[in-house]
Amino acid sequence: MLTQFVQQLEQLVEVRSVSLCAAIHIVCNLKAVQHLPALMHAIRILTRHCVLSEDFGPRLSTVMVRDALRVLAAMCLGGNSTIAALRECLRDTEEPSNGGPATSSVAESGTDFAGSVGDRPTSPYVSRHYHNHQRELRRGNHYLDQPDDDRYDTYPQGQQDTTLFMKHVEFGLRTRDNKWREWFAEFQKNIVLASPHPAFRIVVDLFDKHEPLRRKLFHPSFKCFYESLSAEHMKKVNEVLNLALRCSDSEVVSKCLGLAGYLDHNPPHIREPVLQQLRYLESHEGTSRTATGLHSAEEHQYLQHSDNTNFESPVQSLRSPDDALMEAKNVTSNFMDDTLVGLNSDRSADAGTNTNKIRSNDDNASDDGADDAHNNAENNNNNRSKELQRTEDENIGIGGEFYPLALPITVPTSHSPITPIACQRVSPIPNSVNPLFTTDSLVEAARRTRMYDKAISYLENKVLPVIEKYRYTNSVPKEAVHSLVLPIAWLYSKREMQDSVVGLFRVLRYNTENEDGLNYELLQWWDVAQRVYAGKVENNQKCSLVDLEGYVRTLCLCGEWEKALHVVKTASPKLTQSSTAIAQSGAMAAWILGEWDDVRQLKECIPVKEKVDTVLRLFFENAVCFHDAFHRKSGGRLMLMSADALRTTIRKSKMGVDESLKTLLPLSYAHAYENLTLLQHFTEMEEQVAYVQSESSVFREQLLERWKRRFAALKPDSLMPSLRSLMLHSLVLQPTEMSEMILNFCERMGTNYPQLSMWAMSWLQQGHFPHSSPEYKRDHVSAAALLTSQPREAVVYISQIWSEGRRNQAVRMMEEFLNETKPRLEEEEPLCYGSAQHRLATWKQEMLADCFWKSDYRQELLRHFHEAIRALPKSYEAWHSWGLMNYRVQQRDRSLATDEQQGFVAAAHQGFVAAICRSASPATALPGVMRLLQLWVFHNGISMLKESMADSVFRIPTDYWVQAIPQLIGHLSDSRHDVREVISMILRQLCEVHSQAVVFPLLVVFMSDDGSGGPQLRRRELAQSIITALPNRISSDARLVAKLLVDVSAIPIEKIREHLSAVAAVWNPNAEYEGDSEEVCRRLQAVLDIFHAHRHHLLYTVGDVGHYVDVVLEDERRGDREKASSIVGQLLEEITKHITEKLGNEPQKAMEPLLNLRNLSIRRFVWGFVYIQYT
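Taking full-length UniProt numbering, I'd label the letters of the sequence shown as residues 1 to 1175.
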């Protein structure tokens, strides 16, 4: 953003100069080297503007700008020519009045606030602290010149302006729920204004003018300011941000989650005395809460408890915090939660049970004894330590392995955590992944805002120790499953990551028990889960609310609508609070059964505190209004007054959904998908009013086709939008009119929801909603009965048989169906015939997974695939399946003769090329492209297909090769000439179409290869010949960027070691030839330059390397090379030891930024929406 201000010619000169200095400060002092290419590009444009405008240079030439450019030139040797050009322009226009000695520089003493506009600063925020700043400069006590541990103690307090900030924080402690968004916007602004770092204060005037800049710099400015706070202020900031995290505004919660994510990757460095005092304040938080009157003791106990979200039931995600508070206070005796009590057992316990609870990842308690466990429990739960004392058990080792995201800071066990003691390192605040929020509060907030990926990232860090500990054991403790495994498995299911759920249970070798219905739900065994819940709910007056919700939910998912409605109507009067899951399931069951009085009653039980629940309630309300108006029609038309009132109600509901989308859409499309589909349902309600009132058959057909297209465009793995759409269309359409939508629903849901798919098929066959899933009728359906139905309906029905697990019966029925209907289907329904042949071939291949490539079976499978291609010549799936079948045959059958192998290779090549050409997008074509490359290179396909190779390369769209660029470049080193020729041909095509996507991957070959012979040399030569086809401007600029990235990526200490190693090699007495003394002096001088450029960092981490290098230079001048060589050897030994211990055994990957740029260019250009514009 700052570089954009520098490049804009219409901006004020003062704004451009200040932005340039701030950008240089961020790159140099904050080590943000990833922004260096953009900064160099901005400097080139600035130089061009100086040349074009004669008066621009004098106005830009200030002491601050010249000092900043001098520091940048000293650090970035690769861009000296660019920086020197601008400095030359400024030097030519420099006036004597501005040539006085500079009092500070950007790198060494912050920012020269007076140099930007003359003798006095004009910024209202900077001028306030100008005199104090200059006085501190004269004393030599500047913020950036001090050690990290003492900078905030001696920095002028007036420059931090914390008074206004803390007043705003205290106001946030009393903020109402609907005012959080305004408060947080002002909080961001105050953080930037009060930040002690010059890099943020220098551009403070720009924050009010450009909101995106303020938003991008909020996170680093908060970290910088948070490190400077005292313990009391830090505690208040923690409290107000935790309140903001619990608010109902999704936008504020998402900003808090973003801040937490930034602090996870960039943890603030809190000084030990402040951390000790903060822990002391946290231990007395109960009394301080009572004194401040923020919360009552009971409310505070709940707030501590509410950080742990109960993940026993997926419907828990639909509850608001207020509902959970009411549930904690009013637990009915009829629905006691006696099964999965407290999934997050580290912060909730029942004094009446003897079940041993494991400690969570966030609890940094050690296993040194019961005293430490008691102290940590006292710190976490305030005055509840007497209730939460737990004995050590056999699973206590889990708690020690649940390491948090931030590295723990340990304290000797002999000291009390609430006593401010002087020690080298102190333990952090318990249950903190960062100083602001706990893991459980972050997961709960991510769940409420549907940011499931964020919640998964935190829970995966806690599950990893469990996997490592119990992966190879016979059983996993139930406490670990309930507290960690089930929550993350539920989140996986919400993200449609069913493979991850199954894989998690398989890795842990967990055998689910009959009492754990949620486990079967996560595995999508709905009928088994229903039986488990039924055993716990039926004839049990003390079943828990979680079990009741699970029972009702699984009844609906199994299509048992009549039973589900009966359970809801029986249990609802006994509930002490409304349950969204029970009310929603009951309303759906009543709708399907036609009990509209029950729908009207149950929709009132849906709470309106959460926006998602409010929208669902509006959906049922409008459906009831539409049904009532539709049944009061007169003469085939809705009454005018009813229609107008219905449109008004629907319009108001759409406005409510639209208001919720303002918060959800900026987060992501996935967050807002359910509300978007509900908005689509409201739109369809308006269209249904017009459908009922219209007498034109053409208009009705147009609306029907529109609804079919919308239904087909819904996400195939999203159940509720599809089911609600079918229920809505059933109000005005007959099952025969919506047969295409019902069959589409059956095909989509047949795998994950087989019982609902069977219910929908029964609905289509009977012509009305069945009350349950008719499983008993399926065994009596024969192939003859299928002949009387529609072909596609028969194919979908047989597919349901396959999904149920009756594979042999499904294959037999499909073969009989095709044998009887083949002549008719080929002529009348080729689409249905091709789909049936393809499914039959796929099923047989899956049943014969161990031998399908053998000669006894492959001809039959290939015949089915060939029939599918004949019926569907434009189908990507048919061509790809046929090519993959031939590919696997030639790959696995080692007994093939040369002629036979060549035939299968040619068939596979033909199938892959045809499939790629018929694919809808590059992402769809990628599997075929990768297998085609393997067929060419590893299976000698090119030598067998010389005649058709060129034609195939030109038939495939060039865009489809972009994602395979790394693989193509890797095959340039192949020893066969024909392979290299084909790959070079493809890369040259990419150079013509997507040159910017190819240039960086090719440059990786130059920058990473060592120039050795053999394959590396061959690949390097071919890459050089391909790069010549690129435009000169793109090639030259990319080379410059690549060189800068490689130069700046190596950390300073490794550059120093590289130069000293070269000096030691030259001075080695066993060397074959004598080294150049000038080269030695040049390298030693480079070490000094690097050290002075990073003086503060190297002094703090390594030591005064520059002093010893000066001694080496002095000894070299006196001729005492032996002493100088000894010092160099000692320096190398110490630096190597430091790198090994502090930075790891692996060397610094200098190519990593360039590799990241290569991957980014490929990802961006494959979608075609990023194009670099050169000015």
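Glycine included, each C-beta is placed from N, C-alpha and C at the ideal position.
Extent of the continuous alpha helix (DSSP H) to which residue i belongs
i, result
"residue 247", "Where residue 247 is concerned, there is no enclosing alpha helix (DSSP H), given that its DSSP letter is neither H nor E."
"residue 1019", "1015-1027"
"residue 671", "669-693"
"residue 22", "13-28"
"residue 187", "180-194"
"residue 50", "36-52"
"residue 817", "807-828"
"residue 729", "719-729"
"residue 519", "517-522"
"residue 970", "965-970"
Option in the options with minimal Cα separation from residue i
i, options, result
"residue 494", "592, 456 and 710", "456"
"residue 1087", "878, 988, 1078 and 1109", "1109"
"residue 461", "452, 176, 471 and 439", "439"
"residue 963", "999, 984, 935 and 926", "926"
"residue 1135", "1111, 1103 and 1107", "1103"
"residue 728", "689, 746 and 521", "689"
"residue 952", "839, 9, 986 and 836", "986"
"residue 663", "48, 184 and 254", "254"
"residue 813", "825, 798 and 805", "798"
"residue 661", "614, 647, 930 and 628", "614"
"residue 1138", "1098, 1118 and 630", "1098"
"residue 567", "548, 929, 686 and 473", "548"
"residue 273", "257, 265, 227 and 237", "227"
"residue 878", "913, 766 and 1021", "913"
"residue 194", "185, 225 and 168", "225"
"residue 872", "918, 975 and 16", "918"
"residue 263", "186, 436 and 1068", "436"
"residue 811", "864, 764, 965 and 169", "864"
"residue 449", "768, 846, 576 and 258", "258"
Cβ neighbours of residue i in the same chain (closer than 8 Å, five flanking residues each side left out)
i, result
"residue 1064", "1125, 1128, 1129 and 1132"
"residue 1081", "1113 and 1116"
"residue 849", "none"
"residue 1076", "1066"
"residue 988", "1026 and 1029"
Own chain, CB closer than 6 Å to residue i, minus 5 neighbours either side, in chain order
i, result
"residue 50", "56, 57 and 89"
"residue 492", "500 and 501"
"residue 740", "708"
"residue 1106", "1088 and 1091"
"residue 973", "1015, 1018 and 1019"
Contacts around residue i, its chain only, beta-carbon distance under 7 Å, and the 5 residues preceding and following it disregarded
i, result
"residue 1085", "none"
"residue 278", "231, 234, 235 and 429"
"residue 620", "587, 599 and 603"
"residue 710", "680"
"residue 991", "998, 1026, 1029 and 1030"
"residue 11", "5"
Cβ of residue i within 8 Å of any chain D Cβ
i, result
"residue 705", "Looking for chain D here will not work: only one protein chain is present."
Near the ligand GDP: residue i beta-carbon under 7 Å from a heavy atom
i, result
"residue 993", "Absence of the ligand GDP is noted for the structure shown, with no ligands found whatsoever."
Is the segment 621-630 in contact with the segment 571-585, if contact means three or more CB pairs nearer than 8 Å?
The answer is no - the segment 571-585 does not touch the segment 621-630, with fewer than three Cβ pairs under 8 Å.
Measuring CB atoms only, is the segment 175-195 touching the segment 246-253, in the sense that at least three cross pairs come out at less than 8 Å?
In the pairwise beta carbon analysis, the segment 175-195 is classified as touching the segment 246-253: at least three pairs are separated by under 8 Å.
Determine, using beta-carbon pairs with one atom in the segment 666-686 and one in the segment 709-718, whether at least three such pairs fall under 8 Å.
They touch, by the three-pair rule.
Are at least three pairs of beta-carbons, each pair with one atom in the segment 741-761 and one in the segment 552-563, less than 8 Å apart?
The segment 741-761 vs the segment 552-563: in contact.
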